[in-house]
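First the structure, in the form of C-alpha cells, and then the observations on it.
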Amino acid sequence: MDERIREHAAVLVEWSGSIKAGNDVVIAVGEGAHELGVAVAEKLGAVGAHPVTTYVSDEIERAYLRAHDCDFDETPAHELALYEETDSVLLLVGSRNTATFADVPQEVRHAWPTEAVREAWLATDWVKTVHPTRAHAQQAGMTYEAYQDFVYDAVLRDWGAFADEMAELKTLLDAGSEVRIVKGMDDTDITMSIEGRKAVIADGSGNLPSGEVYTVPSDTTGEVYFDVPMTVQGRRVQGVRLRFEDGEVVDHAAETGETALGELLETDAGARRLGELGVGMNRGIDRFTDNILFDEKMDGTVHLAVGSAYNECLPDGEKGNQSAIHTDLITDMTREETRLEVDGEVIQCNGTFRWEEGFDG
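Given below as C-alpha cells:
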C-alpha cells in the first residue's frame, strides 16, 4: 500500500473526524476506494472505535434507478436508523466511471427520497473525501501517477496552520455587510448581502480536501460569468452566465450545456437563489479537475452555489434557502481586472489577497 493512503486515513480519523475510542462510525466505501477503506478500518481499530462498513456503488444505484417506476415510498426506516444511531460518517469516494449517471433522467434522481438520510448523516461528525482512481485521473486529464500526487498535495496538509491563514478572510466576511465581485474582461459585476451572516472556515473537517471560507449571501443583484467548466449530473456545462434581480436568477445562458443548466434552475423554487458564496484558498489545488470537491477549493477562485443554503452560516432561528440541489459554479479570479470587495474595500485583486505579497489593489 502507498504510505500516503495511510496518512490520508490518519488525517480522516484523527483530524477531520476527531474519532475517539467507543465512537460508532459508518464507513461508506466507494467502488474504487477499497485501499483507503482498509487503511481507515485499521486506524479505527487502533483508536478503539466501532465501525460499520457500507458499499457505495454508482453502478448499483444507476441500475436501481433505471429499473424503478419512480413511485418511491417514504425513506426506508432501516437506512435512516443507521445514520441516526451513529457518531461519525466517513464517505470515501472512489469512482470507476465518473459518467455513470449520464443516462439517468434528472427528475428520477430528484424523485428518489434521499433527503432525510442526507440530513441524518449531516447531523453526525461527517467527512467526505476522494481516493484517487484512474477514472478520476482520466476525468482530470492527468496520468494516474500525476493525479495521485495532486490529490495528496491537496489533502496531506497542516490543517491547523492553514486554518489560521484562512481566519483573516473569515474576520473580514464576519464584519462585512456586502460583497462585490468584479471582472472587467467578462462583464461580471455582482453584489450580494452578507449582513448578519457567519463565515465558516473549511479546515479539513466536513470535506477533505478543504481550503475555503464560505458564507450564505442574500439579495443578489447583477451579472456573473463562470469560466471554470464542470459536469452537472453527467453533462458538461461551461461558460455560464447568470443575471440576478432581487436575489433570483432572471436570465441564464451557457456556451456549453445550456439545456442542462436550464433544467437545473427549474428543479424547484429554491434552485434560482444562492445558497453559498465560497472563496477557494487551497494552494495545493492549482488546476481544474472536473471534481467539485477539489475545484471549489482551487486557489484564486470564487464559487457561488445555486440551491440549498448552509444553515450554520445563518443567525439562530433563521432558515436559509431550501432546494433539492446545491450546485457550485466557479469563476477564476486570477485574471487581470478582477476584484473581490467587502463593503467597498478591495480585499483581493487579480487573485492576490491584500495580506499577501504582490497585492496591488
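In terms of the numbering used here, the sequence shown opens at residue 654 and continues consecutively. The C-beta atom is built at its ideal place from N, Cα and C for all residues, glycine as well. All values reported here derive from a predicted model rather than from experimental measurement.
Mapping DSSP to helix, strand and coil, what is F947? helix
Could you name each continuous beta strand (DSSP E) segment of 3 residues or more that falls completely within the segment 713-752, going from the start of the chain to the end? 741-746
Would a C-beta distance cut-off of 8 Å place Y878 and D839 closer than the cut-off? yes
In whole angstroms, give me the CA-to-CA distance for N676 and V780. 15 Å
According to the Cβ coordinates, are D948 and D939 closer than 8 Å? no
With distances taken between CB atoms, is the gap from V902 to F941 smaller than 8 Å? no
Continuous beta strand (DSSP E) assignments of at least 3 residues falling wholly in the segment 898-958: 901-909, 927-933
Name, in chain order, the residues that DSSP records as bridge partners for M845. V832
Output yes or no for whether 8 Å exceeds the beta carbon distance between D988 and C1002. Reading off the sequence shown, one finds Arg at residue 988, where the question assumed Asp. Against a cut-off of 8 Å, the Cβ pair of C1002 and R988 comes out as no contact.
Find the nearest neighbour of T909 within the set G900, Y736, Q891, L917, judged by alpha-carbon distance. Q891
Residue burial classification, H789 (beta-carbon count within 10 angstroms, cutoff 16): buried
DSSP three-state assignment for M819, whether helix, strand or coil: helix
Nonlocal neighbours in the same chain, by C-beta distance under 7 Å from S830, ignoring five residues either side: S846, I847, E848, D996
In whole angstroms, what is the alpha-carbon distance linking H784 and E998? 40 Å
Buried or exposed, going by whether 16 or more other CB atoms sit within 10 Å of the CB of K1017? Outside the displayed range of the chain (654 to 1014) lies residue 1017, so it cannot be described from this structure.
Going by beta-carbon coordinates alone, are A1051 and G973 separated by less than 8 Å? In the structure as shown, the chain begins at 654 and stops at 1014. Residue 1051 is therefore absent and cannot be evaluated.
Closest to T920 by C-alpha separation, out of K823, E656, A764, V804, would be which residue? A764
Local conformation of G837 per DSSP, three classes: helix
Who are the Cβ neighbours of E990 in its own chain at under 7 Å, not counting the five residues just before and after it? K836, G837, M838
Contact check, T844 vs V832, beta carbons under 8 Å: yes
Report yes if the CB atom of R762 is closer than 8 Å to the CB atom of L733, and no otherwise. no
Per DSSP, A855 forms a beta bridge with which residues? E865
Who are R894's beta bridge partners in DSSP? Y878, A906
Quick one, which of G900, T753, T706 has its alpha-carbon nearest T884's? T753
With respect to the beta strand (DSSP E) encompassing A681, which residues constitute its N-terminal and C-terminal limits? 677-683
Taking the beta carbon of E929 as the centre, do at least 16 other beta carbons fall within 10 Å, making it buried, or is it exposed? buried
Residue range of the beta strand (DSSP E) that includes R992: 991-995
Express the C-alpha separation of G933 and E865 in angstroms, rounding to a whole number. 5 Å
Give the single residue among G915, N964, E738, M986 whose Cα lies nearest to the Cα of G1004. M986
Using three-state DSSP, classify F1006 as helix, strand or coil. strand
Pair within 8 Å by beta-carbon distance, V682 and L697: no
Could you check what DSSP says for T767 in three-state terms: helix, strand or coil? coil
Give me whichever residues DSSP pairs with Q1001 in a beta bridge. L993, F1006
Would you tell me roughly how many angstroms separate the C-alpha atoms of A924 and L745, rounded to the nearest one? 27 Å
Taking three-plus beta-carbon pairs below 8 Å as touching, is the segment 791-811 in contact with the segment 654-672? yes
Opening and closing residue of the alpha helix (DSSP H) in which V780 lies: Taken as a continuous stretch (DSSP letters only), V780 belongs to no alpha helix (DSSP H), being part of the beta strand (DSSP E) at 778-783.
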